[in-house]
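A quick write-up on the structure given underneath.
Chains as they are written, first to last, in UniProt numbering: chain A, 1 to 264; chain B, 1 to 264.
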């Protein structure tokens with residue numbers, strides 16, 4: 001029986017150290033994100049070498065990858081420690097980010113822009129707006145306990161967006177847009193179509209989100225519909241890759257979950 | 001009414017060109033990923049300037065961002081064209097990637113490793129394995145119509161993994177592991193816990209996936225259980241950010257989807 005990350009000898013055939021470091025890093029990454037290390041301190045090098053059955057250099061290279069991702073840092077006299085906290089967003093619920101994050105800390109929505117705009121044609125078409133019809137554009141930076149987590153750019157149909165604008169920035173800062181639409185405007189929401197992609201954030205976004213340059217974000221595009229099926233808003237959300245993970249529980253047998261049902 | 005991406009004047013207060021380019025890029029990115037451009041050719045600069053109500057420089061910078069992400073390229077005499085195809089993976093189904101991608105093209109699973117290993121402690125614990133118990137490690141590179149899309153590292157419990165090894169590489173290359181487990185080994189699968197994160201791929205992974213260095217991947221961790229609730233395998237999947245998006249339809253009212261149900 002071989003070690004999964006062989007360091008040398010016959011078991012290492014064809015594997016570069018970078019390959020071995022990648023295998024170590026992906027296991028450690030999962031542990032960091034799940035908060036599996038007591039006190040946020042990773043085991044020391046010797047323990048990691050034993051755990052993964054690999055060499056010191058491979059362990060160091062793996063820790064270097066996680067450092068580059070902004071997940072851990074080396075602290076003198078302590079060892080390798082987890083940097084900051086990672087938040088979990090349940091993908092299965094159509095909920096506003098703030099609704100979810102309020103369970104974890106104090107959410108502040110910094111409103112960077114809120115006004116009526118002439119939407120780009122591609123956005124107008126997806127929102128079902130007629131040529132020349134305005135939209136409301138909302139740009140918010142979401143912070144949890146002071147840490148910027150996401151940058152949300154939202155185009156809303158006028159029927160939904162105008163009443164939100166009328167409530168002023170204060171309402172937008174303190175409350176989630178989904179809540180405002182349903183309770184404030186009185187329009188119940190229905191379904192949403194969501195797509196998720198990994199993107200290297202551009203420098204402007206990195207600056208706004210206080211991320212290291214060249215870091216990755218989850219780029220979420222979400223078209224949310226009113227209960228009657230009409231589009232309500234189209235959002236472009238960038239979630240910091242180093243601070244937020246999406247979660248879901250999927251069911252094989254019943255094909256439940258978020259997709260179309262599988263035949264039984 | 002302002003343009004959503006104002007190029008100059010009062011409407012542009014506080015907005016840098018990078019901010020404006022980001023807003024243009026995020027709309028175009030969604031269109032690229034949805035295959036919204038006929039023939040894969042983007043509108044020319046003049047049309048984009050009109051559509052977004054912005055300047056030539058902003059449009060150029062936005063296209064530059066998409067080029068950096070590997071989504072588009074400039075072709076002489078044609079304009080800006082979409083590079084390659086983007087595949088959609090329904091996140092709501094607990095299905096193997098190959099099962100989904102087979103709808104789109106010829107899937108080849110290149111088996112890079114398949115053997116019994118001593119799993120790292122963190123993996124053993126999540127799989128419910130006793131100290132010293134082996135696991136089966138499987139590493140596969142998945143290609144669709146020749147394009148590498150994902151690198152999958154899977155640790156399986158012996159009861160599931162050993163019969164797979166016994167079937168040989170041929171079976172693993174041609175068939176999805178979920179199919180092999182259910183039909184070949186005869187063990188029905190139950191639920192899976194999935195987490196998704198955006199990560200900048202390390203150089204070794206970029207090389208294997210034929211991605212530009214510094215590109216982003218969707219890092220998926222999936223713990224799949226047998227129908228009786230025991231863990232069957234733990235997978236670390238890296239999906240090319242420039243070629244694959246995850247999709248889901250979420251329901252506000254019923255809290256269906258992949259997460260825990262919301263109170264009615």
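Don't be surprised by glycine CBs; every beta carbon is placed ideally from N, CA and C.
Proximity to residue i [Cα-Cα], best of the options
i, options, result
"residue 19(A)", "61(A), 48(A), 177(A)", "61(A)"
"residue 85(B)", "76(B), 144(B), 206(B)", "144(B)"
"residue 2(B)", "76(A), 133(A), 49(A)", "133(A)"
"residue 121(B)", "151(B), 91(B), 149(B), 155(B)", "155(B)"
"residue 27(A)", "124(B), 17(B), 147(B), 191(B)", "124(B)"
"residue 160(A)", "106(A), 149(A), 179(A)", "179(A)"
"residue 137(A)", "104(A), 172(A), 53(A), 57(A)", "172(A)"
"residue 151(A)", "76(A), 218(A), 251(A)", "218(A)"
"residue 17(B)", "59(B), 203(B), 189(B)", "59(B)"
Span separating the alpha-carbon of residue i from that of residue j
i, j, result
"residue 38(A)", "residue 166(A)", "48 Å"
"residue 249(B)", "residue 193(A)", "5 Å"
"residue 243(B)", "residue 157(B)", "31 Å"
"residue 135(B)", "residue 163(B)", "12 Å"
"residue 223(B)", "residue 109(A)", "34 Å"
"residue 206(A)", "residue 55(B)", "23 Å"
"residue 197(B)", "residue 247(B)", "14 Å"
"residue 34(B)", "residue 239(B)", "17 Å"
"residue 47(B)", "residue 199(B)", "34 Å"
"residue 15(A)", "residue 174(B)", "24 Å"
"residue 278(A)", "residue 91(A)", "Residue 278(A) lies beyond the stretch modelled for chain A, which goes from 1 to 264, so this question has no answer here."
"residue 255(A)", "residue 106(B)", "Only weak support exists for where residue 255(A) lies, its pLDDT of 44 falling under 50; the value from the coordinates is given anyway. Rounded to the nearest angstrom, the two C-alpha atoms are 24 Å apart."
"residue 169(B)", "residue 50(B)", "55 Å"
"residue 131(A)", "residue 57(B)", "25 Å"
"residue 29(B)", "residue 76(A)", "43 Å"
"residue 129(B)", "residue 36(B)", "48 Å"
DSSP three-state assignment for residue i, whether helix, strand or coil
i, result
"residue 17(B)", "helix"
"residue 69(A)", "coil"
"residue 257(B)", "Since pLDDT at residue 257(B) reaches only 41, below the 50 mark, its modelled position is unreliable, and the value read off the structure follows with that caveat. Coil, per DSSP."
"residue 176(A)", "coil"
"residue 84(A)", "coil"
"residue 201(A)", "coil"
"residue 249(A)", "strand"
"residue 159(B)", "helix"
"residue 192(B)", "strand"
"residue 91(A)", "coil"
"residue 107(B)", "strand"
"residue 52(B)", "helix"
"residue 61(A)", "helix"
"residue 231(B)", "strand"
"residue 35(B)", "coil"
"residue 129(B)", "coil"
"residue 42(A)", "coil"
"residue 146(B)", "coil"
"residue 219(B)", "strand"
"residue 79(A)", "strand"
"residue 262(A)", "Interpretation of residue 262(A) is limited by its pLDDT of 34, a score under 50 that renders its predicted location unreliable; the figure taken from the coordinates is listed afterwards. If DSSP states are grouped into helix, strand and coil, residue 262(A) belongs with coil."
"residue 226(A)", "strand"
"residue 213(A)", "coil"
"residue 138(B)", "strand"
"residue 118(A)", "coil"
"residue 23(A)", "helix"
"residue 240(A)", "strand"
"residue 28(A)", "helix"
Same chain only: Cβ atoms within 8 Å of residue i, ignoring 5 sequence neighbours per side
i, result
"residue 65(A)", "21, 22, 25"
"residue 245(A)", "33, 86, 87, 88, 89"
"residue 126(B)", "223, 231, 234"
Sequence-distant residues of the same chain with beta carbon closer than 7 Å to residue i, five excluded per side
i, result
"residue 112(A)", "139, 140, 141"
"residue 72(B)", "32, 42, 63, 66, 80, 81, 82, 83"
"residue 78(A)", "41"
"residue 69(A)", "242"
"residue 147(B)", "84, 243"
"residue 215(A)", "70, 201, 206, 241, 242"
"residue 104(A)", "87, 144"
Under 9 Å by beta carbon: chain C residues contacting residue i
i, result
"residue 38(B)", "The chain labelled as chain C is not found among the protein chains of the depicted structure, namely A and B."
Beta-carbon proximity list for residue i, same chain, < 6 Å, skipping 5 on both sides
i, result
"residue 153(A)", "139, 236"
"residue 74(A)", "80"
"residue 191(B)", "225"
"residue 44(A)", "79"
"residue 227(A)", "188, 190"
"residue 220(A)", "196, 237"
Worksheet item: Are the stretch 175-194 of chain A and the stretch 223-231 of chain B touching by the rule of at least three beta carbon pairs closer than 8 Å?
Response: They do not touch, by the three-pair rule.
Worksheet item: Between the stretch 196-216 of chain A and the stretch 116-123 of chain A, do three or more beta carbon pairs fall short of 8 Å?
Response: The stretch 196-216 of chain A, when compared against the stretch 116-123 of chain A, does not touch it at the 8 Å Cβ threshold.
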